[in-house]
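Note that the protein sequences, when read in sequence, are chains A and B.
This note's numbering numbers the first residue of the first sequence as 79 and each following residue consecutively.
This note's numbering numbers the first residue of the second sequence as 820 and each following residue consecutively.
Since the structure comes first, as C-alpha cells, the remarks are kept for the end.
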Amino acid sequence: MENNQPSVTRRFMPLIVFIALVALLAIGLTLNPRLVPSPLIGKPAPEFNLPLLLEDGSFSNKDLIGHVTLVNVWASWCFACRQEHEVVKHLSRNGVRIIGLNYKDEPDNAKNWLAKLGNPYKNIAVDYDGRIAIDWGVYGAPETFLIDQQGIIRHKVIGPLSDKEKYNDLMAVMNSLNK
Amino acid sequence: MKKIISMLFLSGCLTFSLGSLAAPIETFKFESAETEKVFHKLSEELRCLVCQNQNIAESNADLAKDLRLEIYTMLTEGKSEEEIVDFMVQRYGDYVLYRPPFKPMTWLLWFGPVIVFIFGLIYVVRLMKSQSAEVAPDSLSEEEIERIKNLHAEQDNK
Chain A
79 MENNQPSVTR RFMPLIVFIA LVALLAIGLT LNPRLVPSPL IGKPAPEFNL
129 PLLLEDGSFS NKDLIGHVTL VNVWASWCFA CRQEHEVVKH LSRNGVRIIG
179 LNYKDEPDNA KNWLAKLGNP YKNIAVDYDG RIAIDWGVYG APETFLIDQQ
229 GIIRHKVIGP LSDKEKYNDL MAVMNSLNK
Chain B
820 MKKIISMLFL SGCLTFSLGS LAAPIETFKF ESAETEKVFH KLSEELRCLV
870 CQNQNIAESN ADLAKDLRLE IYTMLTEGKS EEEIVDFMVQ RYGDYVLYRP
920 PFKPMTWLLW FGPVIVFIFG LIYVVRLMKS QSAEVAPDSL SEEEIERIKN
970 LHAEQDNK
C-alpha cells in the first residue's frame, strides 16, 4: 500500500508517452514536405551566363552583384506563376529589382504571357533546357531567390509569393538587407 | 457471375496500374556495363523532388528526366559516383538522398529507433519485475490463518 504513489505515475506512463507521440506526429503533419530547405542559402549565386528573352545580350551571375535582387523562376506553363504575378508586379512597382529566370519555356509563349499579364522584370534570362535551374536547386516553378549586394543567396521562397506567410518571411529578410 | 465480372474488372485495373508503373528510362548508350550499373544505382538512390515518393529512375516528372540526363552526362565525362552524389546534395540538400548521411544532425534519426527500443525494453523488464513482486507471498500471515480458522468455525457452527 505504501508504494501506491509511484505506481500511479507508472500507471499513467503509457498515456503520457502516447500523448507525447501524438503531439510529435501532429507537429509533423503540419509541416509541408514540399518545402525542402535549400543548401544554397548563404552561398554565392551559382555561375551562369544566359541569353535574354526580350533583347539581345546575356545575363550572368556577375550582373547580380551590387544590388539586392530577387531572382524569380517562372514559366508561362506554370499556373502558380500566374497566381503570384500580381505580387511580383507589386514588388517591382515598389522598386525591387527583379530578374526573371524563364524556366523550360518556349520563348514565344513567354513573350505572349508577359504581353498579356505585364512584365515586372528588369531582365529575363532564358534557361531553355533547365540546366541552370538545376545548379540553383530549382525543382519546380515558381521559386524566388533573394540575392544580396555581394551576390550571396540569402533566402529562397518555394511556391507562389502570393502566400502571405512566405511573402512576409521574404520581406523580413529583404528589409534586413536594405538597412 | 458477379464474382467473375468483378475479378475481370480487378485484373483489368491491375494491368493498367502495372502499365503506368513501368519506369520511364530513356535509351542512354553506355561505354561499359560498369557505368550503366552506376547510372541505375544512382537514379534509384536519388529522390525526385517533384514526386517525392519516387526516385529519379521511376519518375516521369520533367525534372527527373533532366536529372537522369545530368547523371548520364556526368558519367560519360568520367565523374565518379561520389562526385555525382555531391553535385546533387550541393544543389538539393541531403533530402535528395533516400539513404540519409550519417552526421551529427542525423544522429537522432539513426539512433532514435534503437534508443526508443532500449527504453521500451527497460520499461517492459521493470514492469515484469514489479508484477512478479506483487504476487502474493507463499505463506499466509498469522492474521490470515486466524481469519480462515474463524470462517471455518462459523461454517461448522451453522
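Just so it is clear, CB atoms sit at the ideal spot from N, CA and C, and this is done for glycine as well.
Here the structure is a predicted model, which is why all the values come from computation and not from measurement.
Under the 8 Å Cβ criterion, the region 166–175 of chain A does not count as touching the region 183–190 of chain A, having fewer than three qualifying pairs. Between L179 (chain A) and V149 (chain A) the beta-carbon gap is near 6 Å, inside 8 Å, which marks them as a contact. Taking the Cβ atoms as the reference, V146 (chain A) lies roughly 7 Å from M252 (chain A), within the contact range of under 8 Å. Per DSSP, the continuous beta strand (DSSP E) segment holding P129 (chain A) begins and ends at N127 to P129.
For the region 229–244 of chain A, the set of positions with a beta-carbon nearer than 7 Å to some beta-carbon of chain B is empty.
When secondary structure is reduced to three states using DSSP, T846 (chain B) falls in the coil class, being assigned neither helix nor strand. Around the beta carbon of P111 (chain A), a 10 Å sphere encloses fewer than 16 other beta carbons of the protein chains shown; the residue is thus reported as exposed. Nearest CB-CB separation between Q909 (chain B) and chain A: below the 8 Å threshold. Nearest neighbour of K200 (chain A) by Cα position, chosen from A:R89, A:L130 and A:F157, turns out to be A:L130.
Within the region 153–214 of chain A, the alpha helix (DSSP H) runs of at least 4 residues that lie entirely inside it are, in chain order, 157–171, 185–195 and 209–213. Per the DSSP secondary-structure output, V235 (chain A) pairs in a beta bridge with A:T222. Taking the beta carbon of G218 (chain A) as reference, the chain B residues within 8 Å of it are L868, V869 and L882, listed in sequence order. Between the region 876–892 of chain B and the region 854–862 of chain B, the count of C-beta pairs closer than 8 Å reaches three or more; the two stretches touch. Close partners of V114 (chain A) in chain B (Cβ separation under 8 Å): L868, Y911, G912 and Y914. For D885 (chain B), the residues of chain A that pass the 7 Å Cβ criterion are G208 and I212, in the order they occur in the chain. By the neighbour-count definition (other C-beta atoms within 10 Å, threshold 16), E850 (chain B) is an exposed residue. DSSP places F858 (chain B) inside the alpha helix (DSSP H), whose first and last residues are A852 to E864. Look at S958 (chain B) here: in three-state DSSP terms it is coil, with no helix or strand label. F126 (chain A) has its alpha-carbon roughly 34 Å from the corresponding atom of A852 (chain B). Proximity of E889 (chain B) to chain A, defined by a Cβ-Cβ separation below 8 Å, is satisfied. Against K194 (chain A), chain B offers no close residue; the least beta-carbon distance is about 24 Å (beta-carbon pairs closer than 8 Å).
Two segments are said to touch when three or more pairs of C-beta atoms, one from each, lie closer than 8 Å; by this definition the region 920–938 of chain B does not touch the region 134–146 of chain A.
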